[in-house]
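All residue numbers for the sequence shown refer to the working numbering, where the first residue is 1 and numbers rise by one. Even for Gly, the Cβ is constructed at its ideal location relative to N, Cα and C. Note that the structure is a prediction, hence the values are computed from the model and not measured. Presented below is the structure to which this report refers.
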Amino acid sequence: MPNKKTFTSYLGAIALLLLCFTGSLMAQDGESILKKIDANLSSRNRVFESSMTIHGRRTSRTIISKSFSEGNKKSYTEYLSPASEAGTKMLKLEGQLWIYTPSADRTIQISGHLLRQSVMGSDLSYEDMMDDRKMTDVYDSKIIGKDTLLGRNVLILELTAKVSDVAYFRQKMWVDNERYIPLRQELYAKSRQMLKKMEMKDITKIQGRWFPMTMIYKDQLKEGKGTEFRITSIKFDQQIPEHVFTKASLR
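Here is the structure:
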């Protein structure tokens, strides 16, 4: 018959194995949730119209645009109003970004640290606009809790970057446990300083997927009351002419 010391060691080993198994299971659950989020948010291509309302300290302004995107490597946006921004165009190709400004009648390329700059004074950076990779390609994930948010049951995920070329090293994400859409995100630097907050609202089922039609961004390092990005129409898996994603389309 095993003595007390041996029996205690045996129980400890079982507890350790259970802990490892549970941790592995939670990590796997986090990964599967990210895959379901990707299934909703990612697409072969999309065409959408949107309004971006920038709430400054004293005034607000709204910018209307139409965008085309293909996977995570190609996108084209034309700003339609107000008159001061109309005709401005942005083109992303393979990680490179060009902007055409009609007032100056010239095209400039933005790269490096300039991608961290604000887009038209909003709480979104050019990095935010450009990075459309799948979450599972960029982050490892684990479940750290459960809660309710906006009347929905949510799982709280902690995401850690597994690639170096990412704007936010860590994220904390509140995910709708039924529709698999993030309802809230906190975005952090590697130093754990919070950089931005995001909220997703008006979750709508479109072409068989759940999608947030309103996204609210707040740059924690910037004054103002945040930026509301509202999608007014969106279609997935459309036929987009190839010439749209060329520098000739900027003129």
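Between residue i and residue j, which are expected to be in contact by the criterion C-beta below 8 Å, what is the C-beta distance as a whole number of angstroms?
| i | j | result |
| --- | --- | --- |
| ASN45 | SER69 | 6 Å |
| GLN207 | PHE169 | With a Cβ gap of about 33 Å, GLN207 and PHE169 do not count as contacting. |
How many angstroms separate the CA atom of residue i from the CA atom of residue j?
| i | j | result |
| --- | --- | --- |
| LEU183 | VAL119 | 23 Å |
| GLU228 | GLY95 | 25 Å |
| GLU127 | ASN153 | 31 Å |
| GLU85 | TYR79 | 6 Å |
| GLN106 | GLY145 | Note that residue 106 corresponds to Arg in the displayed sequence, not to Gln. One C-alpha to the other measures close to 50 Å. |
| THR232 | SER67 | 12 Å |
| SER83 | HIS113 | According to the sequence displayed, residue 83 carries Ala and not Ser. Rounded to the nearest angstrom, the two C-alpha atoms are 29 Å apart. |
| ILE37 | VAL138 | 13 Å |
| LEU124 | GLY56 | 13 Å |
| ILE64 | SER32 | 35 Å |
| THR101 | GLY87 | 7 Å |
| ARG251 | GLY71 | 23 Å |
So residue i is in the beta strand (DSSP E); what residue range does that whole segment cover?
| i | result |
| --- | --- |
| TYR79 | 74-81 |
| THR136 | Unbroken run through THR136 is the alpha helix (DSSP H), 135-138; no beta strand (DSSP E). |
| GLU253 | In the structure as shown, the chain starts at 1 and stops at 251, and residue 253 therefore has no counterpart that could be examined. |
| MET120 | From DSSP, MET120 is part of no beta strand (DSSP E); its letter is neither H nor E. |
| VAL47 | 45-55 |
| SER233 | 226-236 |
| THR246 | That residue, THR246, is in no beta strand (DSSP E); it is neither H nor E in DSSP. |
| ILE99 | 96-101 |
Determine, using beta carbons only, whether residue i and residue j come nearer to each other than 8 Å.
| i | j | result |
| --- | --- | --- |
| LYS218 | LYS197 | yes |
| SER141 | LEU155 | no |
Ends of the alpha helix (DSSP H) at residue i?
| i | result |
| --- | --- |
| MET129 | 126-130 |
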